[in-house]
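Scroll down for the structure; my scribbles are underneath it.
In this note's numbering, the protein residues as written are 7 to 171.
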């Protein structure tokens with residue numbers, strides 16, 4: 007599903023996701039233009055999976071939903087109007103339930119997972135700050151606790167006296 011691919015794959019805030027317009031999408035170049043807090047624009051890369059999901063959504067779903075509507079928002083509801091935050095939350099809850107997710111799942115959970123996964127796989131904090139659209143690095147640090155197990159693993163691999171023999 008394009009919504010979930012994009013919000014998790016790019017670490018967007020729910021408002022940023024729902025405010026994307028058709029002209030903000032640059033699938034061939036692999037990015038979207040996102041309007042973040044304070045109406046600041048940033049260019050956010052999108053994965054190949056997100057690109058495929060978005061193409062499928064635009065051609066197979068959005069075109070049928072929009073019909074007579076003149077909306078230019080990427081994500082629309084069954085009436086062809088901009089998908090609301092409430093509509094997104096309901097959809098996310100439904101999809102999580104169908105997938106058997108037992109814990110509470112929110113858009114922020116997906117954003118936090120995005121940040122944590124990138125940090126655990128070696129992304130530096132400044133790059134992540136830019137991707138998330140944070141003005142202050144301390145905001146990024148709050149989002150991104152690394153598990154104690156991962157810290158031990160990195161320590162063992164990095165410190166010459168910590169390596170197991």
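Where is the CB? At the ideal position from N, CA and C, for every residue including glycine. Every value quoted in this text rests on a predicted model; they were computed, and no experiment measured them.
{"Asked": "Residue 51: first and last residue of the uninterrupted beta strand (DSSP E) it sits in", "Found": "47-51"}
{"Asked": "At least three beta-carbon pairs within less than 8 Å, the region 113-130 to the region 32-51", "Found": "no"}
{"Asked": "Cβ-based neighbour list, residue 22, same chain, cut-off 8 Å, excluding 5 preceding and 5 following", "Found": "40, 41, 42, 139"}
{"Asked": "Sufficient close CB pairs (3 or more, under 8 Å) joining the region 62-76 to the region 13-22", "Found": "no"}
{"Asked": "Counted within 10 angstroms of its Cβ, other Cβ atoms place residue 9 as buried (16 or more) or exposed", "Found": "buried"}
{"Asked": "Under 7 Å between C-beta atoms of residue 146 and residue 134", "Found": "yes"}
{"Asked": "Entirely enclosed beta strand (DSSP E) segments - the region 47-123, minimum 3 residues", "Found": "47-51"}
{"Asked": "Reduced DSSP secondary structure (H/G/I, E/B, other) of residue 39", "Found": "strand"}
{"Asked": "Bounding residues of the alpha helix (DSSP H) (the contiguous stretch that carries residue 11)", "Found": "8-16"}
{"Asked": "Burial state of residue 141, where buried means 16 or more other Cβ atoms lie within 10 Å", "Found": "exposed"}
{"Asked": "Residue 31 (DSSP reduced to helix, strand or coil)", "Found": "strand"}
{"Asked": "Residue environment, residue 107, which counts as buried when at least 16 other CB atoms sit within 10 Å", "Found": "exposed"}
{"Asked": "Cα-Cα separation between residue 105 and residue 111, rounded to whole angstroms", "Found": "11 Å"}
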